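Position in the sequence shown (first residue = 1) + 744 = the numbering used here. In what follows, a single structure is set out as structure tokens and then discussed.
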Amino acid sequence: MDRQSLDGAWWLLEFERGEGEAEGAFALDFPLPPNRTLPAQVPGVVHLDLLRAGKIPDPFYRLNENAVRWVEEREWWYRCQFTVNAQLLRRQAVELTFHGLDTFATVWLNGEKLGETDNMFIPHRFAVKNFLRERRNVLAVRFDSPTKVAEERQQQHGKLWSAFYDARPHLRKAQYSFGWDWGPRLPTVGIWRSVELWGYDFACIRNLWAFVTELSEDRKVAKVRVEGELHAVAEGEATMRFTLQHGEQQIAACVPATLQQGDQILGADLTVTNPKLWFPVGMGEQPLYNLTCQVEVGNKVTGKKTVRVGLRQVELVREKDDEGETFIVRINGVPVFCKGANWIPADNFLPRVTKERYRNLLQKAADANMNMLRIWGGGIYEDEGFYEACDELGIMVWQDFMFACAEYPEGEWFYGKVRSEAEKVIKGLLHHPSIVVWCGNNENDWGYHAGWFGKRNRFYGETLYAQILPEVCRRLDPSRPYWQSSPFGGADPNSVGEGDRHSWDVWSGWRDYTHYLHDTGRFISEFGFQAPPHLLTIETFTEPQDRYPNSAVMEHHNKQGEGTERLYRFMAGHFRVPDDFAQWVRVAQLVQGEALKTGIVHWRRRKFKTAGALFWQLNDCWPVVSWSVLDYFGRPKAGYYYAKRSFAPVLVSVAMDGETPVVWVVNDTLTEVNGTLVVKVQDLWGGMLHERLEVVTMEPNTSQRLDAVPLPDGFDPHRHFISAEFYVVIGEITEPLSYDALFLVPYKHLTFPSDVVGMEAVEVKGDQGKVRLKAKAFAKGVWLEVDGDPDAFWSDNAFDFLPGMTRTVAAQLSRPMTEAELRRRLLIWHLGLT
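Following this line, the structure appears as structure tokens:
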């Protein structure tokens, strides 16, 4: 196969709606009008081209989002000129492939109309051999206004209920682009993914995948189905040669085939002995096999493709028990407590999300002990680079189909679009072992049951989730479970007794985060708490006069109704509310961290009664006050580190059982863990009322309730607290593997000691730093920064420090430093410091 990229420099033209075609903007020799022509980049979107040309202000800055609304009303054209080499033209077939057109596009090549598209999520291919020239070729793409088309379709097919923009359900376009309660309204248009020409003879391989159909109980033998999707130019006899290889292990199969003109799927069944099985991070390794398929006609190879696949078996265990029905993900026969977050698109302007940015965000998720991310149904099917990184890092993916918080059309005109989309998406992503669940939608079943849509005698969209999507999944991918919606299960889709659950009584329902302790959901696939981003991130979208919590700009950058009011309410419930804005940002982040910890640790104590905790949300699409723990620039909030500690493979916690504190230990590893548990009742300066040591054995993959902690005479909740520390001595390292502290009154009623954390040692090798700290007394929310390097990434931060404890924290610095410089630049903050 010959491939030629058409990415790079194009031209962008602006017209009134319908004007471009009337003026002949598709024509080969159309003269570009200088007054409305700009340089463009492909992949790209119109907003980015306008921003580079200085035609619009930065939509993320202050209130500028409102100033660029006109962009979505216009008609935009992309044009480019290119040459084609003679070898490509000699191929039997030449295809023009757009990997992403956003959204309502009409394509012309050399003045000839190739077709129209109306789905942002899938590739679009055009046979162009008869239209290409060896020398000069001109490609023109017209984009209609997404809002105008949405409103026309709504008028034609009827109004449906939808959160945030009522016409969006009629479009197969990223739903969040019309605004959400964490994102701006910036509906984009453009060639948002790559464009290329494919030239091939006889047949090309479009997609290739493998999945385990049977795994022996001892995991020594795996039956594997390998399949390839081909497109043949004509009928003919061929041989499909499949090869599955990992290191020196290689299994092959040859399949004779009579190919029909057009698309077809062919495959073979392989037996793999001693398979290298893919496990989620923390449960095992992530070996990836090379799967190769080639099409042979006689002695000639006419098509070849290689992808990386992982061998693993996925089950969704739903069994009746005393609380209802379990909801447990099992990988290779091993039950997994799913720990992680929800993922939204990483930018409103998607072409800005590079493979490196994906890797950075996903590495931070893995570093925070997350083993699952849920790709939320109002965004996009992510880039190949996203799934590749998840495959390598061992992060499982719960993959929603792109339907969210709305009714969706019922009718053949829409069914066909959805069926085609699902088929293309599944075939393109099926080879990724990280994807473990297909899910029909986000909150639509719940919304219908709860009456969000008003009084309806029909659930609009149900045919999609209950019939079309499960049929496509069964037919193309029997290796993964399909789940109709999130949340879903039981007579109430958001039941606590079965299925997955979105726990939004806290925060959105104005309940305090302590209410998580009463939530006995079986798999919590959404819950969350807001916090502002890093102060440096706030400075990117504000002026100094904007930097107070309820300024017009700060409130514009919190898209939830009464979001700022909630920040104040919950902060006042637990902490003293600072007057200083920088301190307010820090404390607001601590509140988020405390909320996430409360929910996560509670549900982990219930393992496997509850079998998953995925908070809302990991990341942001613009600089905003939101539920994320990594802000738009990837800077961690305090909540990121709270989540990291709460998701740790080995976890100790202290919780109240009625009037009595109780210690719990959780071991997510598959091996027994032995160590020493130290339980203390002490005051903020370390004055001891009670201390006990015991040897503890943590069974593999379990949660265990240990003994209660009696409160001794003289206990004063305004002075004393309960702590638990778990030690596994490795060499001379005696820092606790996990520890926790429980106070019985709100932090606002305590007077924390000031300036009690000191540096004991600093070590630097290039851009890798280590700092050893010691606490003279209890320190709440210790936050480390490096002056002049605010993006230094710490192994831990925003942590509580027990009296007399020593801790070593590592830092990935943005540049090399000396030990003296790091010591001089290190800034330490904790609650109680002014």
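Each residue gets a CB set at the ideal place from its N, CA and C atoms; glycine is no exception. Keep in mind that this is a model prediction, so the values were computed, not measured.
- Residues in its own chain within less than 6 Å of residue 959 by CB, not counting five upstream and five downstream? 966 and 1057
- Task: Could you give the DSSP three-state label for residue 1217: helix, strand or coil?
- Result: helix
- Please say whether residue 1525 and residue 1542 have beta carbons closer to each other than 8 Å? yes
- Of the residues 1319, 1467, 1490 and 1080, the one placed nearest residue 1452, counting alpha carbons only: 1467
- Once you ignore the five residues that flank residue 990 on each side, which residues in its own chain have a CB closer than 8 Å to its CB? 1020, 1031, 1032, 1033 and 1034
- Excluding the five sequence neighbours on either side, which residues of its own chain have a C-beta within less than 8 Å of the C-beta of residue 897, listed in chain order? 911, 914 and 915
- Query: Whole-angstrom Cβ separation of residue 1555 and residue 1515, contact assumed at under 8 Å?
  - Reply: 7 Å
- Message: Can you tell me whether residue 1108 is helix, strand or coil according to DSSP?
- Response: helix
- By a C-beta neighbour count over all protein chains shown, 10 Å radius and 16 as the cutoff for buried, is residue 1437 buried or exposed? exposed
- Please name the residue or residues paired with residue 1045 in a DSSP beta bridge. 1040
- Using DSSP bridges, identify the partner residues of residue 1161. The partner list for residue 1161 (beta bridge, DSSP) is empty, contrary to what the question assumes.
- Message: Applying the 10 Å Cβ sphere with the 16-neighbour rule, what's the burial state of residue 1404?
- Response: exposed
- Message: Using only the alpha-carbon positions, how far apart do residue 1070 and residue 1037 sit?
- Response: 40 Å
- Task: Using beta-carbon positions only, say whether residue 1092 and residue 927 come within less than 8 Å of one another.
- Result: yes
- Message: Let me make sure I understand the geometry here. Which of 1441, 1439 and 1424 has the alpha-carbon closest to that of residue 1433?
- Response: 1424
- DSSP three-state call for residue 950: helix, strand or coil? strand
- Item | Simplified DSSP assignment, three categories, for residue 1183 | strand
- Task: For residue 1134, name the three-state secondary structure that DSSP assigns.
- Result: helix
- Message: According to DSSP, is residue 1390 part of a helix, a strand, or is it coil?
- Response: helix
- Query: According to DSSP, which residues form a beta bridge with residue 1140?
  - Reply: 1116
- Taking all protein chains shown into account, do 16 or more other C-beta atoms lie within 10 angstroms of the C-beta of residue 1065, making it buried, or fewer, making it exposed? exposed
- Range of the contiguous beta strand (DSSP E) that encloses residue 1448: 1446-1452
- Message: Pop quiz: residue 1228 and residue 1209 are said to be a contact at Cβ under 8 Å. What is the actual Cβ separation, rounded to whole angstroms?
- Response: 5 Å
- Quick one: Cα of residue 1267 to Cα of residue 1369, how far? 27 Å
- Assign residue 1022 to buried or exposed, taking buried as 16 or more other Cβ atoms, counted over all protein chains shown, within 10 Å of its Cβ. buried
- Item | Cut-off 8 Å between Cβ atoms - residues of its own chain near residue 961, not counting five sequence neighbours on either side | 1077
- Task: Decide if residue 797 is buried, meaning its Cβ has at least 16 other Cβ atoms within 10 Å, or exposed.
- Result: exposed
- Message: Would you call the segment 921-938 in contact with the segment 1098-1116, where contact means no fewer than 3 C-beta pairs closer than 8 Å?
- Response: no
- Buried or exposed by the 16-neighbour rule on C-beta atoms within 10 Å, applied to residue 919: buried
- Message: Between which two residues does the beta strand (DSSP E) holding residue 757 run?
- Response: 752-759
- Query: Which residues in the same chain as residue 885 place their Cβ atom closer than 6 Å to its Cβ, once the five residues preceding and following it in sequence are excluded?
  - Reply: 822, 849 and 851
- If we count Cβ pairs, one from each stretch, closer than 8 Å, do we get three or more for the segment 1327-1336 versus the segment 1045-1064? no
- Message: If the criterion is Cβ atoms closer than 8 Å, does the pair residue 954 and residue 970 meet it?
- Response: yes
- Task: Please go through the same chain and pick out, in chain order, the residues whose beta-carbon is closer than 6 Å to the beta-carbon of residue 1471, but skip the five residues on each side of it.
- Result: 1419, 1420 and 1480
- Message: What residue range does the alpha helix (DSSP H) around residue 890 cover?
- Response: 890-901
- Given 8 Å as the limit, is there contact between the segment 823-840 and the segment 874-894, that is, 3 or more CB pairs closer than that? yes
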